[in-house]
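Counting from 1, position 76 in the sequence shown corresponds to residue 76 in the UniProt record's numbering; the numbering is continuous, with no gaps. Backbone N, C-alpha and C fix where the C-beta goes; we use that ideal spot for every residue, glycine too. Data block below; observations after.
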Amino acid sequence: MSFIKVENLSKFYMEKKGVFSKSTKTFKAVNKVSFLLKKGETLGIVGESGCGKSTLARMILRLEGIDEGKIIFKNENIVELKGKDLKNLRKDIQIIFQDSYSSLNPRQTVFDIIREPLINFNVGTEKEQFIMVKDIMEKVGLGKEYMNRYPHEFSGGQCQRINIARALILKPEFIVCDEPTSSLDVSIQAQILNLLKELKEELELTYIFISHNLAAVNYISDKIAVMYLGEIVEMFEKKYLETKKHHPYTKTLLEAIPVMNPLEKNHWENILREKKGIKYKVNEDSCSFCIHCTNAKEICYTKKPVIKEIEKGHLIACHCI
């Protein structure tokens, strides 16, 4: 049984065709995204900047408007929730933001920052709130001696621990991690990833982990979705990462993973090509990646591929596979 089910989720923006033009065209930020997530699983969503990862996250959290589709959370379509019902949803669904500094109020102490959700939802007395804040700070590796300090007194990694504590204080079941390590040093990234894994096991959490770093996504996730231009072009259980059958765009992401030994070459072929020399006209029905793919055929330009299962737990949207 699915814990969260996303069906054909779409978000469109209107943009002008030119500076002085009155005519507009539709930009598909998220286009018919669907997936299932079981309780206790982590879905990693990977893709380059601007592919729609964060927009998708904000839509699932109901922080962004939804033009089409459903989000079924615990057997309820949360797209239809409004007012008090939508506010109550926030107890179960939380987010860890990308920028560890700017997502914290510089005028509040750590105690006030973490305690604020408890006040908003009238949870506990002042004494109980103090105990809850102290306990969650200890869980994320911060002692109570840090309670009365301000965000500017902390490193980036410590600020992200504060963000994690704030997200967990209401005991949510589902957390969206929107590139929580991208602004941190590599050594600190590993600490935060390990902390998130430990908290997931201890508190039985369900994650969506968003990143442009495929290695980080592979480390923390149970299954991985690859996004390109607002669409999921591939989804697979992490055991399939080292297989040869992948969407051409996924192969370019694998090609970008650094190899530590300078004498070794990345075994993934580079399938990118320039836009010049395209034989067929590109339109709305074309595969979104066809102009960059050396494997592209005529059908790739005339018919958008549908994501299909090539083996159990491995789905790809590609005519050439």
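Note on geometry: alpha-carbon atoms of Gly-157 and Asp-67 lie some 36 Å from one another. Cβ contact annotation for Gly-230 (same chain, cutoff 6 Å, sequence separation greater than five): Lys-28, Ala-29, Val-30, Asn-31 and Gly-52, in chain order.
Here Ile-4 has Leu-37 and Phe-73 as same chain residues with Cβ atoms under 6 Å from its own Cβ, once five neighbours each way along the sequence are excluded. Under a 10 Å Cβ-count criterion, His-246 is classified as buried, with 16 or more other Cβ atoms of the shown protein chains found around its own Cβ. Secondary structure at Cys-287: coil, using DSSP grouped into helix, strand and coil. Secondary structure note for Ala-225: its beta strand (DSSP E) is the uninterrupted segment 223–228. Within a 10 Å sphere around the beta-carbon of Lys-239 sit fewer than 16 other beta-carbons, which makes this residue exposed.
Boundaries for Phe-27: no alpha helix (DSSP H) harbours it, while the beta strand (DSSP E) harbouring it runs 24–37, taken from the DSSP string.
Excluding its 5 nearest sequence neighbours in each direction, Lys-39 has C-beta neighbours in its own chain below 6 Å: Phe-3 and Thr-206, listed in chain order. For Phe-236, the enclosing beta strand (DSSP E) has its first and last residue at 231–237. One thing to note: Val-176 has its Cβ within 9 Å of the Cβ of Leu-61. For Lys-82, the three-state secondary structure derived from DSSP is coil. Between Glu-80 and Lys-244, the alpha-carbon positions lie close to 41 Å from each other. Here the alpha carbons of Met-132 and Val-123 stand approximately 10 Å from one another. Contact between the stretch 160–170 and the stretch 181–197 is present: 3 or more CB-CB pairs across the two stretches fall below 8 Å. Judged by DSSP in its simplified three-state form, Cys-320 adopts coil rather than helix or strand. The continuous beta strand (DSSP E) containing Thr-42 extends over residues 42–46.
For Ser-10, the secondary structure class from DSSP, reduced to helix, strand or coil, is strand.
When the five nearest sequence neighbours on each side are left out, the beta carbons in the same chain lying within less than 6 Å of the beta carbon of Gly-44 are those of Phe-209, Val-217, Ser-221 and Ile-224, in order along the chain. Separation of Met-147 and Leu-118 (C-alpha to C-alpha, rounded to the nearest whole angstrom) is 16 Å.
Looking at the backbone, the Cα of Pro-106 and that of Tyr-150 are separated by about 7 Å. Check the Cα spacing between Glu-76 and each of Gly-65, Leu-63 and Asp-92: the tightest is with Asp-92.
Under the three-state reduction of DSSP, Phe-111 is assigned to helix. Selection Leu-203, Asn-283, Leu-56 and Val-6 evaluated against Tyr-228 yields Leu-56 as nearest (Cα-Cα). Annotation: the continuous beta strand (DSSP E) that includes Ser-211 extends over 206–211. For Gln-158, the secondary structure class from DSSP, reduced to helix, strand or coil, is helix. Counting only the Cα atoms, Ile-136 lies some 10 Å from Arg-115.
Secondary structure at Ile-299: helix, using DSSP grouped into helix, strand and coil. Scanning its chain for C-beta atoms nearer than 7 Å, with the 5 sequence neighbours on each side dropped, one finds around Ser-288 the residues Tyr-228, Leu-229 and Glu-231, in chain order.
Restricting attention to Leu-203, Asp-185 and Val-186, the CA atom closest to the CA of Leu-170 is found in Leu-203. Rounded to whole angstroms, Ile-96 and Cys-159 show a C-alpha spacing of 11 Å. Between the C-alpha atoms of Tyr-301 and Asp-99 there is a straight-line separation of about 39 Å.
Sequence-distant Cβ neighbours of Lys-303 in its own chain, meaning closer than 7 Å and more than five residues away, are Asp-285. As a beta-bridge residue in DSSP terms, Gln-94 pairs with Ile-175.
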